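The number in our numbering is simply the position in the sequence shown, starting from 1, with 218 added.
Backbone N, C-alpha and C fix where the C-beta goes; we use that ideal spot for every residue, glycine too.
Here the structure is a predicted model, which is why all the values come from computation and not from measurement.
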Amino acid sequence: MSQAECGAGAPAREKLEANVNERKISATRAASTRAFNVFIATLREIFDEAAYHRFLTRGEVASSPAAYADFLRESETAKARRPRCC
(Lines of atoms letter the chains of each structure in order from A and count residues from 1; the text may use other names and numbers.)
(Lines give C-alpha, C1' and ligand atoms only; values in the text may rest on other atoms or scores of the structure.)
Protein backbone atom coordinates (compact mmCIF):
# COMPACT_ATOMS: atom_id res chain seq x y z
CA MET A 1 0.00 0.00 0.00
CA SER A 2 2.04 2.89 -1.29
CA GLN A 3 -0.83 5.36 -1.23
CA ALA A 4 -2.85 6.21 1.90
CA GLU A 5 -6.50 5.29 1.85
CA CYS A 6 -9.40 6.89 3.58
CA GLY A 7 -11.91 4.82 5.56
CA ALA A 8 -14.01 4.05 2.45
CA GLY A 9 -11.09 2.49 0.62
CA ALA A 10 -10.66 5.45 -1.71
CA PRO A 11 -7.28 7.13 -1.99
CA ALA A 12 -6.86 9.91 0.55
CA ARG A 13 -6.04 13.36 -0.72
CA GLU A 14 -2.59 14.62 0.00
CA LYS A 15 -2.44 17.49 2.40
CA LEU A 16 -1.81 20.62 0.35
CA GLU A 17 0.93 22.80 1.74
CA ALA A 18 0.41 26.54 1.64
CA ASN A 19 2.55 27.87 -1.15
CA VAL A 20 2.52 31.51 -0.13
CA ASN A 21 5.41 33.88 -0.35
CA GLU A 22 5.75 35.54 3.05
CA ARG A 23 7.32 38.66 1.55
CA LYS A 24 4.27 39.22 -0.66
CA ILE A 25 2.01 38.98 2.37
CA SER A 26 4.20 41.38 4.30
CA ALA A 27 4.30 43.87 1.41
CA THR A 28 0.55 43.65 0.93
CA ARG A 29 -0.04 44.19 4.64
CA ALA A 30 2.29 47.21 4.64
CA ALA A 31 0.58 48.72 1.59
CA SER A 32 -2.85 48.16 3.14
CA THR A 33 -1.72 49.80 6.37
CA ARG A 34 -0.36 52.83 4.50
CA ALA A 35 -3.57 53.17 2.49
CA PHE A 36 -5.66 52.96 5.66
CA ASN A 37 -3.48 55.59 7.38
CA VAL A 38 -3.87 57.96 4.41
CA PHE A 39 -7.63 57.40 4.48
CA ILE A 40 -7.82 58.21 8.20
CA ALA A 41 -5.63 61.31 7.77
CA THR A 42 -7.90 62.47 4.94
CA LEU A 43 -10.98 62.07 7.14
CA ARG A 44 -9.28 64.02 9.92
CA GLU A 45 -8.59 66.88 7.51
CA ILE A 46 -12.13 66.83 6.15
CA PHE A 47 -13.67 66.98 9.61
CA ASP A 48 -11.15 69.59 10.93
CA GLU A 49 -9.64 67.28 13.57
CA ALA A 50 -6.15 67.79 12.17
CA ALA A 51 -6.63 71.57 11.98
CA TYR A 52 -7.83 71.63 15.60
CA HIS A 53 -4.80 69.61 16.68
CA ARG A 54 -2.50 72.05 14.84
CA PHE A 55 -4.35 74.95 16.54
CA LEU A 56 -3.76 73.40 19.96
CA THR A 57 -0.10 72.73 19.20
CA ARG A 58 0.49 76.23 17.82
CA GLY A 59 -1.11 77.92 20.84
CA GLU A 60 0.25 75.36 23.32
CA VAL A 61 -3.27 75.00 24.70
CA ALA A 62 -5.01 71.97 26.18
CA SER A 63 -8.19 70.76 24.52
CA SER A 64 -11.25 72.31 26.15
CA PRO A 65 -14.61 73.77 25.18
CA ALA A 66 -13.11 77.28 25.36
CA ALA A 67 -10.18 76.27 23.13
CA TYR A 68 -12.57 74.72 20.62
CA ALA A 69 -14.68 77.90 20.59
CA ASP A 70 -11.52 79.92 19.87
CA PHE A 71 -10.63 77.48 17.09
CA LEU A 72 -14.09 77.85 15.53
CA ARG A 73 -13.90 81.65 15.69
CA GLU A 74 -10.46 81.63 14.08
CA SER A 75 -11.47 79.23 11.32
CA GLU A 76 -14.67 81.17 10.57
CA THR A 77 -12.66 84.39 10.33
CA ALA A 78 -10.20 82.72 7.95
CA LYS A 79 -13.06 81.40 5.79
CA ALA A 80 -14.71 84.83 5.67
CA ARG A 81 -11.49 86.47 4.39
CA ARG A 82 -11.12 84.09 1.45
CA PRO A 83 -12.38 85.53 -1.81
CA ARG A 84 -15.34 83.74 -3.29
CA CYS A 85 -15.59 82.88 -6.89
CA CYS A 86 -18.77 83.50 -8.85
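Backbone secondary structure at residue i - three-state DSSP
i    : result
M219 : Low per-residue confidence applies at M219: pLDDT is 48, beneath 50, and the placement is therefore not dependable enough to give any value.
A280 : coil
Whether residue i touches residue j by CB criterion (8 Å)
i    : j    : result
A268 : S293 : no
For residue j and residue i, the rounded distance between their alpha carbons
i    : j    : result
E240 : Y286 : 47 Å
E263 : L274 : 15 Å
R299 : A248 : 42 Å
L290 : A253 : 30 Å
A245 : T251 : 10 Å
K297 : D266 : 13 Å
Run of the alpha helix (DSSP H) containing residue i, from where it starts to where it stops
i    : result
N255 : 240–264
query = Would you say the segment 277–284 touches the segment 250–262, given that touching needs at least three Cβ pairs under 8 Å?
reply = No: the two stretches stay apart, fewer than three of their Cβ pairs being nearer than 8 Å.
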